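Its first residue numbered 144, the sequence shown is counted upward by one per residue in the numbering used here. Shown next, in structure tokens, is the structure this report addresses.
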Amino acid sequence: MAPWGERLAGVRGVLLDISGVLYDSGAGGGTAITGSVEAVARLKGSRLKVRFCTNESQKSRAELVGQLRRLGFDISEGEVTAPAPAACQILKERGLRPYLLIHDGVRSEFDQIDTSNPNCVVIADAGESFSYQNMNNAFQVLMELENPVLISLGKGRYYKETSGLMLDVGPYMKALEYACGIKAEVVGKPSPEFFKSALQAIGVEAHQHPVRPREMPGEWLKALGGSCPQNPSQKAAYLGARCLLCWVGMASEGTNQKACPVTSTIRK
């Protein structure tokens, strides 16, 4: 196998995922994954451009960055690409007034958005707010619209916290899609537009081989070659990113090797 220096030849930028790759969320602010603080410091001290790219939708960027800094990470709010601000831009551009099925922790990101007389639904990882009543409210809004619009902040199936595996927004998004006979617009990973916006922020194009760390059921470090059919972030590879498997968090060798053959791996 070629040395890492050769395999990273031509790489100009790194898109780092956060939850499940840098830290596991949970009570007390979560815990940093072993070696991740040091890895980020080394990357930021190198020639590579670094951008943090997350589907986190239970916290505002300010809260997330504050939490990561308390864990020891060198990170600023301006370095984070997240779905809530991108969704707000879409809502403003299209004159949409959402019914918000979201977590209270991210609600401040929507403070400047008109939510009166909703003409769309925005769904995110709402946690305990995924009650029957709230889901049914969202369903009713969509069913009353001539052209229903459902915007989902990501579409992950599940993720890992320190207390165990947690359902993500994807299953709830799919429930509304099925009930209403519609297709959601996904803002965040795996949307190619989301990756493109992160690349634009660091001035790197996909063909310049941005390293793309990401988790799925079994965490992936999207970098160095290939596309992962069962990976929610496979679109990064379609844009030209190389693929690399990172054995952290929920990863298990048997599961990941079957799910996504890759050219390179990183082990704990």
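Backbone N, C-alpha and C define an ideal beta-carbon position, used for all residues, glycine too. All values derive from a computational prediction rather than experimental measurement.
Residue state for S334 is assigned as coil, using DSSP reduced to three classes. For L234, the secondary structure class from DSSP, reduced to helix, strand or coil, is helix. When the five nearest sequence neighbours on each side are left out, the beta carbons in the same chain lying within less than 7 Å of the beta carbon of M286 are those of C323, in order along the chain. Residue environment for S306: exposed (fewer than 16 other C-beta atoms within 10 angstroms of its C-beta).
For the beta strand (DSSP E) assignment, the uninterrupted runs of no fewer than 3 residues enclosed by the segment 189-263 are, from N- to C-terminal side, 192-196, 241-244.
For V157, no alpha helix (DSSP H) encloses it; the enclosing beta strand (DSSP E) starts and ends at 156-159. For G307, no alpha helix (DSSP H) segment is defined; the enclosing uninterrupted segment is the beta strand (DSSP E) at 307-310.
In this structure, DSSP gives A327 a state outside helix and strand, which the three-state scheme calls coil.
Distance check between N198 and each of G163, G188, T177 places G163 closest, using alpha-carbon atoms only. Taking the C-beta atoms as reference points, L165 is found no nearer than 8 Å to L158.
For L186, the enclosing alpha helix (DSSP H) has its first and last residue at 179-187. For L296, the uninterrupted beta strand (DSSP E) run begins and ends at 293-296, by DSSP.
In terms of Cβ geometry, F216 and V264 do not form a close pair [threshold 8 Å]. Around the beta carbon of E336, a 10 Å sphere encloses fewer than 16 other beta carbons of the protein chains shown; the residue is thus reported as exposed. In this chain, the beta strand (DSSP E) harbouring E304 covers 301-304.
The secondary-structure analysis by DSSP pairs A175 across a beta bridge with Y166. Taking 8 Å as the cut-off, the beta carbon of G156 is found closer than this to the beta carbon of V347. Taking the C-beta atoms as reference points, D311 is found no nearer than 8 Å to D247. Taking the CA atoms as reference points, S179 sits about 31 Å from C231. P261 sits buried, since 16 or more C-beta atoms from the chains shown fall within 10 Å of its C-beta. Distance check between S200 and each of N290, P291, R237, L244 places L244 closest, using alpha-carbon atoms only. Under a 10 Å Cβ-count criterion, K332 is classified as buried, with 16 or more other Cβ atoms of the shown protein chains found around its own Cβ.
For R204, the closest of N280, L293, K187, A227 by C-alpha to C-alpha distance is A227. In the structure shown, V265 adopts extended strand secondary structure according to DSSP, grouped into three states.
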